[in-house]
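Peer 1: Sharing a structure here in structure tokens format.
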Amino acid sequence: MTINNMTIRIGGAAGDGVESSGAGFCKALARGGLHVFGLPDYYSRIRGGHNFFSIRVSEQPLYSHTERVHLLLALTEETVPRHRDKIVEGGAIVYDSRLKVPPEQLAAKGIQFLPIPLSDMAEEKAGIVLARNTVALGVAAGLTGFDLDSMQSVIRQNFARKGRAVVDGNLAAAEAGYLEGQKYAADFPFKLKRIPDAPPRMVVNGTEAFSLGALAGGCRFVAGYPMTPGSPVLHWMAAHAAHYGVVLKHTEDEIAAVNMAIGAAHMGARALVPTSGGGFSLMVEALGLAGITETPVVIYNAQRPGPSTGLPTRHEQGDMLFMLYASQGEFPRFLLAPGSHEECFVTGWRAFNLAEKYQTPALVLSDHYLAVAIRTLELEVFDFEVVEIDRGELLSEAELDALEGEYLRYRITESGVSPRALPGHPKAVYMAASNEHDERGAITEEPEMRTAQVEKRQRKLVGMAREMSSPSPYGPLEVEVTFVSWGSTYGPLREAVDRLNAEQAGRANLLHFVGLWPFPTEAVTAALESARRLVTVEVNATAQLATLIRANTGRSVDAKILKYDGRPFTPEYILACVPEEV
Amino acid sequence: MLTREDFAGRERPTWCRGCGNFGILNAIKMALAEQEIAPHQVVMFTGIGCGSKLPHYMKVTGFHTIHGRSLAVATGARLANHGLKIIAVHGDGDGYGMGLGHMLHAIRRNIGIVDIVQNNRVYGLTRGQYSPTSDPGMITPTSPEGAIDRPAPPLALAITAGATFVARGYPGELRHLAWLIGEALQHPGYALVDVLQPCVTYNRASAYDFYNPRVYKLEEIGHDVTDKTAAWELTYEWGERIPIGIFYRVEGVPTYEEQVPALKAGPLVKQPLGKLRPEQIETLRAEVI
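Line order of the protein sequences matches chains A and B.
Take the first sequence: its letters are residues 20 to 601, numbered as in the numbering used here.
Take the second sequence: its letters are residues 365 to 653, numbered as in the numbering used here.
Here is the structure:
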């Protein structure tokens, strides 16, 4: 018997509610004191197709999903053949007995096939066939011996706004499934046991982690245009806007979104633009406007596979070098790529401080896997106490009142940062211009002033570089191979490193990059000195992190593990690449 | 009491002698002075083009943005601080070409922006190409056989899209133009002031000699500015007689900014910016447990 170490997968069509019910079940497991890693997988369509949600459960914190499945809940015929090969020995496939699954698909060595009238029970208990997802998860609870109370507490919360009848129907559906599952529990060896007295934990995805951080960091203006997987930040902010004093604008396009954010930031609001790569492509010209007018704006790009429409609901890390060089001309920018939910929260508030302190755009690079994957986190992981709101050299009204002489918005300074005054004050009557300008903001084409302004802006990079964190090391110091990664690849790679070292001590460690630009050259050079064999692991075809490392340190990687099939890495996939690449 | 001198700038305009922009610049200064709006109480957003350099030539708070996007930047600014007057100034290439989409959406929102379009019906700064409002057949570097595109009808589009203030002025009628801009500044929502701007270098056929004998004031014919159909029809009068004045004006339509929940407490940038309070953190945590 295996206790508290398994993956449950529920599969159906778009519109069957596999994602919402799967996320709800994650919360129930967390309330039962267990750690989860939940991952939705869905196609770019509203109805039909094949969607599934995987819930990995453990007593230890989880950083990744894995490939093997212990219990499959099939709401559609297609679910069975698609995932049958992933089921471990002793595992089970629960399927709706209404489904017409071809008999030859209902046989596999060591797997139980359990036809259960999910739809009939849903209709009987909840009056609607859609509730079969609830029945199926009730069956999962019954089979694994997990407690029904945790599940029902989430149902009460999640369905509350749909009214009493819907709540009661789903509670009854869950219970009916639970009782049905219990009938087969004796022959099912994977069990989930409530951990008594576990502390309450958060169940969040990277979208929520980043949004919480941004709100805590004083984000008060959000403009965006829907694009998967960036729009969930827009939705989160919209849901919280009225209550937390945020102005949220769903704009006519991404060009309007970024330009509105620049306008709001110019006036003094902390402004955010959530998007994905296609939307960011439209924002490129305005990025340069923020650069030359020294306007602090935060742009969040949750990457998906390109080029162009690419794979809208899939995963890739293909936009790093594009974001680093986007827009004509040269100007400083921050490029930050959180790789974990913890880093999403910190990046969420820190990006606004960096943008305002250096009066330049801060670009945040997330990705699909990070944006949608759900993890359990201890409450203190999101440390609201340490959140700071640092507006940098922003002149207060009193300072402006006391200012003698003329205010110079683009004063040449040693740090490159010119004290900033917000429009609205009699001393703050100045022009900001996309043209090259002098210290007052007046257009100039004089070579001396042009040179002085370029150098002023570039000088900010000195201070900016000091703000950048060194790549975070993970694993033992003396190892055969050092992996480098960025973004959400951290999770699966971290687990792969753990497994390698568990097999044989001292095999691998990893260096995880969050601060990508300004590139922490000295810290990286030092960190890489002791690396014997360097292997990059990235979800793209051209090894963009390896390119960045080589360009800045001269160090080439010895091998690359790359993937560009639209799916995130798993620890198993990385381990399978290791014998040939390492 | 403000006067035009309070808005005097330090830079010399780079415009050609006789450019219609001189009149527009004067009219804006006159309107601001008459409305008692000081240089720091207004922010002027411009695009790219000869006319978009306008705020550099006066004393005013301004943001010279990129081509076609000034209304988007201005919208963000208005939402961040609706305590200030927001004016957009840009040409017809900027406003009716690249920025036409933003104009229709600004109209839909009835956001409090005075939108002044210097409509010289040609591209000046890029040297004489035809614009979205050029006459068909106009021969220019990008239309050597004559322009094929039919001109955009900006005023009709604005009325159709739901604009609450639609006017047209002419710098040859300076006092009248200043009055129009003043009326637009008093209007709570989006206000379009299309200006027939002579370009004496690249569009001589549509300069003073063309407009002077043709323009007439809508006030003189007793046009009812609340009559949408009549206003719409008048926007198409173009030939021997060309109307200027207020075509359409409707009161009582709520502005966008007055409907945003977060702005009920006053301009966004005037609201305190602090860390989340303990009870807010509790609520946010409770959502994810």
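Even for Gly, the Cβ is constructed at its ideal location relative to N, Cα and C.
1) Going by CA-CA distance only, name the one from W368(A), I29(A), G52(A) and G43(A) that's closest to S73(A).
2) Hey, A321(A) and G249(A) are a contact pair by Cβ (cut 8 angstroms); roughly how many whole angstroms apart?
3) What does H428(B) reach in chain A if we use C-beta pairs closer than 9 angstroms?
4) Could you tell me which residues DSSP pairs with R408(B) in its beta bridges?
5) Taking the alpha carbon of T270(A) as the reference point, which residue from F386(B), H420(B), L468(B) and C414(B) has its own alpha carbon closest?
6) Using beta carbons (cut-off 8 angstroms, strictly below), is K376(A) in contact with chain B?
7) According to DSSP, P607(B) sits in a beta bridge with which residue or residues?
8) I'd like to know whether the C-beta of I388(B) is nearer than 8 angstroms to at least one C-beta of chain A.
9) State the Cα-Cα distance for the pair R289(A) and A345(A), rounded to the nearest angstrom.
10) Grab the span of the beta strand (DSSP E) containing I112(A) for me, first residue to last.
11) For S230(A), name the three-state secondary structure that DSSP assigns.
12) Rank F588(A), A192(A) and D584(A) by C-alpha distance to the C-alpha of A160(A) and give the top, closest one.
13) Which residues, in chain order, does the segment 452 to 484 of chain B contribute to contact with chain A at a C-beta distance below 7 angstroms?
14) Quick one: is A228(A) buried, meaning 16 or more other Cβ sit within 10 Å of its Cβ, or exposed?
15) Measure the Cβ-Cβ separation of M408(B) and V437(B) and say whether it is below 8 angstroms.
16) How long is the line joining the alpha carbons of T566(A) and L382(A), rounded to whole angstroms?
17) Report the three-state DSSP secondary structure of S250(A) (helix, strand or coil).
18) Note down, in chain order, each residue of its chain lying with its Cβ closer than 8 angstroms to the Cβ of V554(A), except the 5 sequence neighbours on either side.
19) For K202(A), which of helix, strand or coil comes out of DSSP?
20) Under 8 angstroms, Cβ to Cβ, is there at least one residue of chain A near Q635(B)?
21) In three-state terms, what does DSSP make of P598(A)?
22) Across the segment 437 to 446 of chain B and the segment 227 to 243 of chain A, are there enough close Cβ pairs to call them in contact, namely three or more that are closer than 8 angstroms?
23) Establish whether the CB of K393(B) and some CB of chain A are separated by less than 8 angstroms.
24) Hey, does E547(B) have any beta-carbon neighbour from chain A nearer than 8 angstroms?
25) Look at R352(A) and T328(A) and say whether their C-beta atoms are less than 8 angstroms apart.
26) Mark A421(A) as exposed unless 16 or more other C-beta atoms lie within 10 angstroms of its C-beta, in which case mark it buried.
27) Nearest by alpha-carbon distance to S230(A): which of T490(B), G586(B), R649(B) and I585(B) is it?
28) Would you list, in sequence order, the uninterrupted beta strand (DSSP E) runs of no fewer than 3 residues that lie entirely inside the segment 473 to 499 of chain A?
29) Have a look at K634(B) and L419(A) and give me their C-alpha separation to the nearest angstrom.
30) Quick check: is the beta carbon of E375(B) nearer than 8 angstroms to any beta carbon in chain A?
31) Is the beta carbon of G384(B) sitting closer than 8 angstroms to the one on N474(B)?
32) Alpha carbon to alpha carbon, how far is E622(B) from G264(A)?
33) Considering only the alpha carbon of each residue, which of Y426(A), Q347(A), G34(A) and P59(A) lies closest to N224(A)?
34) Output yes if chain A places a C-beta closer than 8 angstroms to the C-beta of V449(B); else output no.
35) Cα separation between R459(A) and W505(A)?
36) For Y678(B), count the other beta carbons within 10 Å of its own beta carbon; 16 or more makes it buried, fewer makes it exposed. Which is it?
Peer 2: In short:
1) Reading the first sequence from its first residue, position 54 is the one you call residue 73(A). Looking at the Cα atoms, I29(A) is the closest of the given residues.
2) Counting from 1 along the first sequence, the entry for residue 321(A) is found at position 302. Counting from 1 along the first sequence, the entry for residue 249(A) is found at position 230. So it is a contact: roughly 4 angstroms between Cβ atoms.
3) In the second sequence, counting from the first residue as 1, residue 428(B) sits at position 64. Under the 9 angstroms cutoff, chain A gives T312, M450, A451, A452, S453, N454, H456, G460 and I462.
4) As a first step, residue 408(B) is located in the second sequence; it is residue number 44 there, counting from the start. Looking at the sequence itself, residue 408(B) is Met, so the reference to Arg does not match. Partner(s): G426(B) and I451(B).
5) As a working note, residue 270(A) is residue 251 in the first sequence. For the residues F386(B), H420(B), L468(B) and C414(B), the minimum Cα distance to T270(A) belongs to L468(B).
6) Along the first sequence, one-based indexing puts residue 376(A) at 357. For K376(A), the answer is no, since every Cβ of chain B falls outside 8 angstroms of its Cβ.
7) As a first step, residue 607(B) is located in the second sequence; it is residue number 243 there, counting from the start. P607(B) pairs with Y580(B).
8) Numbered from 1 along the second sequence, position 24 holds the residue referred to as residue 388(B). No, because no Cβ of chain A sits closer than 8 angstroms to the Cβ of I388(B).
9) The residue labelled residue 289(A) in the question sits at position 270 within the first sequence. The residue labelled residue 345(A) in the question sits at position 326 within the first sequence. Their Cα atoms are separated by approximately 22 angstroms.
10) Your numbering for residue 112(A) matches position 93 in the first sequence. Element bounds for I112(A): I106 to D115.
11) If you number the first sequence from 1, residue 230(A) lands on position 211. S230(A): helix per DSSP, three-state reduction.
12) Position 141 of the first sequence, counted from the start, is the residue given in the question as residue 160(A). Of the listed residues, the one whose Cα sits closest to A160(A) is A192(A).
13) Sequence-ordered contacts of the segment 452 to 484 of chain B with chain A read G465, H466 and H469 [C-beta pairs closer than 7 angstroms].
14) Counted from its first residue, the first sequence places residue 228(A) at position 209. A228(A) is buried by the Cβ-count criterion.
15) The residue given as residue 408(B) occupies position 44 in the second sequence. The residue given as residue 437(B) occupies position 73 in the second sequence. The answer is no: Cβ separation not under 8 angstroms.
16) By 1-based counting over the first sequence, the position of residue 566(A) is 547. By 1-based counting over the first sequence, the position of residue 382(A) is 363. T566(A) and L382(A): Cα-Cα distance of roughly 19 angstroms.
17) Working through the first sequence from its first residue, we reach residue 250(A) at position 231. Reduced to three states, the DSSP call for S250(A) is helix.
18) In the first sequence, counting from the first residue as 1, residue 554(A) sits at position 535. Correct list, in chain order: V500, T501, F502, V503, V576, D577, A578, K579, I580, E600 and V601.
19) On the first sequence, position 183 is the one that residue 202(A) refers to. The answer is coil: DSSP assigns K202(A) none of H, G, I, E or B.
20) Position 271 of the second sequence holds residue 635(B). True, the Cβ-Cβ gap to chain A drops below 8 angstroms.
21) Here residue 598(A) refers to the residue found at position 579 of the first sequence. Helix at P598(A).
22) Counting Cβ pairs under 8 angstroms, three or more are found: they touch.
23) On the second sequence, residue 393(B) is found 29 positions in, with the first residue counted as 1. The C-beta of K393(B) comes no closer than 8 angstroms to any C-beta of chain A.
24) Numbered from 1 along the second sequence, position 183 holds the residue referred to as residue 547(B). Taking Cβ atoms only, chain A never reaches closer than 8 angstroms to E547(B), which makes this a no.
25) Numbered from 1 along the first sequence, position 333 holds the residue referred to as residue 352(A). Numbered from 1 along the first sequence, position 309 holds the residue referred to as residue 328(A). Not closer than 8 angstroms, so no.
26) Counting from 1 along the first sequence, the entry for residue 421(A) is found at position 402. Flag for A421(A) reads exposed.
27) Here residue 230(A) corresponds to residue number 211 of the first sequence, with the count starting at 1. Comparing C-alpha distances from S230(A) to each of T490(B), G586(B), R649(B) and I585(B) shows the shortest one belongs to R649(B).
28) 491 to 493
29) Counting from one through the second sequence, the residue named residue 634(B) turns up at place 270. Counting from one through the first sequence, the residue named residue 419(A) turns up at place 400. Cα-Cα distance, rounded: 16 angstroms.
30) As a working mapping, residue 375(B) is identified with position 11 in the second sequence. Chain A, which has a Cβ nearer than 8 angstroms to the Cβ of E375(B), makes this yes.
31) Taking the first residue of the second sequence as 1, we reach residue 384(B) at position 20. Taking the first residue of the second sequence as 1, we reach residue 474(B) at position 110. Result no, Cβ atoms of G384(B) and N474(B) do not sit closer than 8 angstroms.
32) The residue given as residue 622(B) occupies position 258 in the second sequence. The residue given as residue 264(A) occupies position 245 in the first sequence. E622(B) and G264(A): Cα-Cα distance of roughly 14 angstroms.
33) Here residue 224(A) corresponds to residue number 205 of the first sequence, with the count starting at 1. Nearest of Y426(A), Q347(A), G34(A) and P59(A) to N224(A), Cα basis: P59(A).
34) Here the question's residue 449(B) lines up with position 85 in the second sequence. For clarity, residue 449(B) is Lys in the given sequence; the question names Val instead. Taking 8 angstroms as the threshold, the shortest C-beta distance from K449(B) to chain A does not fall below it.
35) Counting from 1 along the first sequence, the entry for residue 459(A) is found at position 440. Counting from 1 along the first sequence, the entry for residue 505(A) is found at position 486. Spanning the two alpha carbons is a distance of roughly 41 angstroms.
36) One cannot answer for residue 678(B) here, as it falls past the ends of chain B, which runs 365 to 653.
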